[in-house]
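Visitor: Structure below; questions to follow.
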Amino acid sequence: MDQRDTSFFRRPIPPAAIVLIALVVHAPLLIMQLPTTTTYDANFHIFFASHYAHHWFNPWNEQWFAGFSQTTYPPLGHQWIAILSFIFGLNMAYMLVQLIGVVLLPVGVFRFARLWVSERAASYAALLSVFLGTVAFLVYSAGQLSTTVSAPFYLLALPYFYEWLRWGRGRALAKGVVLTLVAASIHHVTLLFGAILFAAPVLMLAWMDRRAERDGGGLAVLGRAAVFTALSAIGVAIVLLPYWISILQHPIEQVPIPHASRSNFLLNVDYGMNYFIVPYGALILALPFIVIRGASVPRLRPLLIFFWIAFIFGLGGTTPLPRLLLGRAFQILTFERFTLLAALLALPIVGLLVEELLDRAPKLASIGVSIAAIATFALALGWMYFSPFKTIGGMNVDSVVSFLNRDGHDKYRYITLGFGNALPKVSTYTTANSVDGEYNSARLLPEMTQYGAAQLTSAKFFGRAGMESLRAMLKHANRYGLKYIFVHDAYYDPLLAFAGWRKIETFDNGLVTVWSKEDVPPARKIESDAIPAPWEGLLWGILPIGCSFFAILLWLLVPDRVRSLEIVPSSTPAEVPTYAREAH
Amino acid sequence: MRYLLALLIFAVTLLFVAVGWVTSGGLARAEIRSASTPTEAVQALLADVQSHNWDRAYARLANNKDIDRSAFERDLSGSYRSLRTYSSLEGFDVWPIHAASEQAVVRANLHWSTAVGPIDDVRDLKVEHQGSSWKVDWPSPNLPKVPPQVIPVNYLRWDVINRGPEDDWGEQNVDTPQVRIISMNPVERPDRLIILGEIVNEDTVPAYVNVNATLLDQHNAPMSQEGSFDKISHTLLPKQVSPYRIDFPGIKLKQIKSVRMDAKAMLVPASADPVIEVSGQRMNTDALGKKVLSGELLNESGQPVNIAQTLAVFYDSNGRVIWVSDGYIDQALLPQTPVHFAVDLPDDVAAKVQNYHVTVNHYSSGNS
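First to last, the sequence lines map onto chains U and C. Letter by letter, the first sequence follows residues 1 to 584 in this note's numbering. Letter by letter, the second sequence follows residues 585 to 952 in this note's numbering.
Pasting the structure below:
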């Protein structure tokens, strides 16, 4: 055998080894429960999961916004946490679900990359996905559990999509559709954009490959794509039916809330660092190669084009394209997730780059690539501490929870001020309800939807809009039974004092103060037309989780007939053969 | 040919980024920074203030040799935990009032976001042409030096002993102070209905009051309920009177049959300190042409008052309350140091005003 094939540097890395590396890198950070203290959204996901743990078939949650429907957010990730929480507790259950996401990601990247590049390059792509800055950013800083768990399922579905398009195998269709439903049940936004950004290049690839084999049938590919799309759409429509009902009944019409990811990163260095430098890291150095190689090799062009679209979207307001294409949706979406999609789309080409570097200078390249990957990951983790954007999710809220849960204080509603993303932590463990909340899309109270500000607890960060919204809510304290206000930022003290609240208690050496207004009547149920019907709760509690169980059953009982798709691109762009063959 | 797509992607990306930079205000920002016109000079200064870049803002002053940098910063960022220290400059409108070749006057309307809500501040700024650019002649902050003196503390104070720390405030099973609404007058404005009036504490102990109003429709069913919120003096000493104002946005007088008033009072500890004198009250017109009641506040005590709110009640010739308006003072009331205040009122109401009275609410950090 040729030495070229046996050298350690010229062989694919076994997927099992990559999974092990993913575990070694991410498991300690997750076992330390880092996301609960460093991320914006982890407490939010845990709060949603906590509701499912207590009320599996009732998605109406009265703990926020004087009542809101959890059917406004796909439930699967939260339901998994809820189930696991009975064994591991809520926090560790969250970590386990997140760990499943980050471990499945390299597997998904490997299988997706195999459609485009050699097994060896795909293995490098998979390995690099473990160290992606955007993954570290989303998992340990943003806390975007749903995006980071649903994306791997889309990636896993894509090879089946390709297999169905190319050879029309029914089992591939079934597995692809079920994995798509699982991914959609975890995150709706990833469904929408993943379907376009990931599925479209795979469709183009299948069409190109089919034509290259000269067996005609380009129309057959399109026909099968239509079948796959139709089945997926019908499936998603049924599995997430309560979501569609709620979104049609109450479309998001609130005044847009500013978000830094929609900014022009060139005009704000901190935003540029946060949403571009940190998530991409050393991948920025590979951008010229991605574009040049992607453009040179006809088979990689669909991948390049959709990478570029995701890349441009990830730049938020730095270019006018997302605003032009998305219209009003531009003001609703946040754009950091597109960086993940762009990075995942780029990884197969980056795998090729690593392959070529290793061929040219094995030791130097392996050291260089390793340093770049680890530095990227380290930068994303380090940025959490150097960043001007700090979270306080790790704040101790025990005294607040204890106050609310004693002496009938939970007869009234409460808000927190200056608690940031520790608010869901309070809500998770108290029996009292709040008029505030951390999920903007579910808000229906006019005091919150008419001002262009997000959470009341962070009102000051939204300037005049935020303080106007807070004033509006405080003015209607009697209407909502809003009696208690917990303050973790003395900025809010003057308003409360002038508005008729009085400080009644102090916790944690003065860090938290409790304010009360005496003429507030006990909270009463606020009538809403957004309460899901009982049958919707039943569907919500059965279908999404059922999909995931069905996917596991399919994986266990119906093994892949095609072990892997062997696509054989050479390292020379001009000579890449554009065919695929099966390996049985 | 195979590099054409790559070149196209690079070119289109650069084009998009360039267009994005221009449309996001990058070009305008660069122009403003050049301060080539009086308006741009003020805009550049305020942009630096907005981003708390005090060094650069100070460098833009024409008179920075005559004004201390820390005094300039204090003027805009506040001191003594005043309302300005709880504020951020969210935006500004700038327009020229007068322009000549070497000097100009530019009016700036500063939109502050503060801890008690939005506040606008109008300033007329002199701008001078120096070298190739314009610079702002910032008015020197005039902080009077108060001579050392002893302020005797002889105010009245009422303390309340709680039954136990586990009881909520107000649940002490003691009689509530006697308070009474002495007047109530519904006033219709184009966008809202306003309930105005006064409330008195008739008891011999302090009371903490809130006034709520419920509008009843033609069938005596409740239509809407609102409270006085911050348009009242919540703490009333014995025999003290406070105006109140309750707004009902979007409601017309003809929609309602009656109003149910509800005054809630609680016994609370209170003191007569600090004593704040209101003097020099007069009706006039401000720089924007609005009718205002202006005057001066003097903190007669020995401790600073961090944030003060003036609450003005206006009466017609029959002694009826026809308007209540309020305003927050953005600087702290230092002992024995007069501070200007102004509260506005609608032109049509101003024409009917025969008398007025100003009361002052205050907030001192650590004493809420």
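Just so it is clear, CB atoms sit at the ideal spot from N, CA and C, and this is done for glycine as well.
Does the CB of A699 of chain C have a neighbour CB from chain U at under 8 Å?
Guide: Cβ-Cβ to chain U under 8 Å: yes for A699 of chain C.
Visitor: Any idea if V400 of chain U is buried or exposed, counting beta-carbon neighbours within 10 angstroms, 16 or more meaning buried?
Guide: Result: buried.
Visitor: Any chance the segment 78 to 87 of chain U sits against the segment 458 to 466 of chain U, with 3 or more Cβ pairs inside 8 Å?
Guide: Output reads no: the segment 458 to 466 of chain U does not touch the segment 78 to 87 of chain U.
Visitor: Determine whether the Cβ of L709 of chain C lies closer than 8 Å to any Cβ atom of chain U.
Guide: No - not a single Cβ of chain U is within 8 Å of the one on L709 of chain C.
Visitor: Residues of chain C with CB closer than 8 Å to the CB of T457 of chain U, please, in chain order.
Guide: Correct list: empty, because the minimum Cβ distance to chain C is about 15 Å.
Visitor: Relative to chain C, which residues along the segment 483 to 510 of chain U have a C-beta separation below 8 Å, given in chain order?
Guide: Per Cβ criterion, the list reads A490, Y491, Y492, D493, P494, L495, L496, A497, F498, A499, G500, R502, K503, I504.
Visitor: Quick one: is E575 of chain U near chain C, going by C-beta distance under 8 Å?
Guide: In this prediction, E575 of chain U has a pLDDT of 41, which is less than 50 and means its spatial position is unreliable; nothing more can be read from the coordinates.
Visitor: Using a Cβ-Cβ distance under 8 Å, would A42 of chain U count as near chain C?
Guide: Cβ-Cβ to chain C under 8 Å: no for A42 of chain U.
Visitor: L240 of chain U: which of U:T180, U:L165, U:A523, U:M208 sits nearest, CA to CA?
Guide: Closest option to L240 of chain U, Cα to Cα, is U:T180.
Visitor: Take P15 of chain U as the anchor and find which of U:N43, U:A113, U:P59 has the nearest alpha-carbon.
Guide: The shortest Cα separation from P15 of chain U among U:N43, U:A113, U:P59 belongs to U:A113.
Visitor: Cα separation between N61 of chain U and D410 of chain U?
Guide: Going by the C-alpha atoms only, they are around 15 Å apart.
Visitor: Name the chain C residues whose beta carbon is nearer than 8 Å to that of A282 of chain U?
Guide: Going along chain C, no residue has its Cβ under 8 Å from A282 of chain U, so there is no contact; the nearest lies around 19 Å.
Visitor: Pull up the CB-CB distance for S878 of chain C and R866 of chain C, whole angstroms please, since I reckon it's below 8 Å.
Guide: At roughly 6 Å, the Cβ-Cβ gap stays under 8 Å, so S878 of chain C and R866 of chain C are in contact.
Visitor: In the structure shown, what three-state DSSP assignment does Y965 of chain C receive?
Guide: Outside the modelled stretch of chain C, which goes from 585 to 952, sits residue 965 of chain C, for which no answer is possible.
Visitor: Find out if the Cβ-Cβ distance for the pair Y491 of chain U, A699 of chain C is shorter than 8 Å.
Guide: Result yes, Cβ atoms of Y491 of chain U and A699 of chain C sit closer than 8 Å.
Visitor: Would you decide whether F676 of chain C is buried or exposed? Buried here means 16 or more other CB atoms lie within 10 Å of its CB.
Guide: Answer is buried; the Cβ neighbour count reaches 16.
Visitor: Nearest chain C C-beta to D410 of chain U closer than 8 Å, yes or no?
Guide: Answer no: the Cβ-Cβ gap between D410 of chain U and chain C never drops below 8 Å.
Visitor: Please report how far the alpha carbon of Q714 of chain C lies from the alpha carbon of S672 of chain C, in whole angstroms.
Guide: Approximately 29 Å, taken between the alpha carbons.
Visitor: Under 8 Å between the Cβ atoms of W742 of chain C and P702 of chain C?
Guide: No.
Visitor: Verify the CB distance criterion: does M850 of chain C have a CB-CB separation below 8 Å to chain U?
Guide: Closer than 8 Å to some Cβ of chain U, the Cβ of M850 of chain C qualifies, so yes.
Visitor: Check for me: the alpha helix (DSSP H) holding Q98 of chain U runs from which residue to which?
Guide: Note, Q98 of chain U: alpha helix (DSSP H), 90 to 114.
Visitor: Hey, K483 of chain U and Y412 of chain U are a contact pair by Cβ (cut 8 Å); roughly how many whole angstroms apart?
Guide: Rounded, the Cβ-Cβ distance is 4 Å, consistent with contact.
Visitor: Give a yes or no on whether the C-beta atoms belonging to L267 of chain U and S608 of chain C are separated by under 8 Å.
Guide: Yes. Within cutoff.
Visitor: With H, G and I counted as helix, E and B as strand and the rest as coil, what does DSSP make of K875 of chain C?
Guide: Strand.
Visitor: Quick check on the DSSP output: the alpha helix (DSSP H) that includes N478 of chain U runs from which residue to which?
Guide: Element bounds for N478 of chain U: 477 to 480.
Visitor: Within this structure, are the beta carbons of T71 of chain U and S246 of chain U separated by less than 8 Å?
Guide: In contact: T71 of chain U and S246 of chain U (Cβ atoms closer than 8 Å).
Visitor: Looking at E536 of chain U: is its Cβ nearer than 8 Å to the Cβ of P242 of chain U?
Guide: Yes.
Visitor: On a Cα-Cα basis, can you pick out the residue from C:S826, C:E884, C:I906, C:V601 that is closest to T921 of chain C?
Guide: Residue C:E884 is the option with its Cα nearest to T921 of chain C.
Visitor: From the DSSP secondary-structure annotation, give me the bridge partner or partners of Y52 of chain U.
Guide: Answer is none; Y52 of chain U lacks a bridge partner.
Visitor: Taking the runs of the alpha helix (DSSP H) that are 4 residues or longer, which of them lie wholly in the segment 1 to 79 of chain U?
Guide: Listed in chain order, the complete alpha helix (DSSP H) runs (minimum 4 residues) inside the segment 1 to 79 of chain U are 3 to 6, 15 to 31, 34 to 38, 42 to 54.
Visitor: Should the segment 299 to 310 of chain U be regarded as contacting the segment 199 to 214 of chain U, the criterion being three or more beta carbon pairs within less than 8 Å?
Guide: Yes: at least three Cβ pairs fall under 8 Å.
Visitor: For the segment 244 to 267 of chain U, which residues have a CB atom closer than 9 Å to at least one CB atom of chain C, in sequence order?
Guide: So the close ones are S263, N264, L266, L267.
Visitor: Alpha carbons only, please: which of U:I531, U:L543, U:V558, U:G294 is nearest the one belonging to Q249 of chain U?
Guide: Answer by Cα proximity: U:I531.
Visitor: Using the beta-carbon of each residue, which ones in chain U are nearer than 7 Å to W605 of chain C?
Guide: Within chain U, the residues near W605 of chain C are N264, L266.
Visitor: With distance defined between alpha-carbon atoms, name the residue in U:K503, U:R10, U:A136 nearest to L30 of chain U.
Guide: Minimum Cα distance to L30 of chain U is reached at U:A136.
Visitor: Any beta-carbon of chain C closer than 8 Å to the one on G108 of chain U?
Guide: No, G108 of chain U lies away from the interface with chain C (no Cβ there is under 8 Å from its Cβ).
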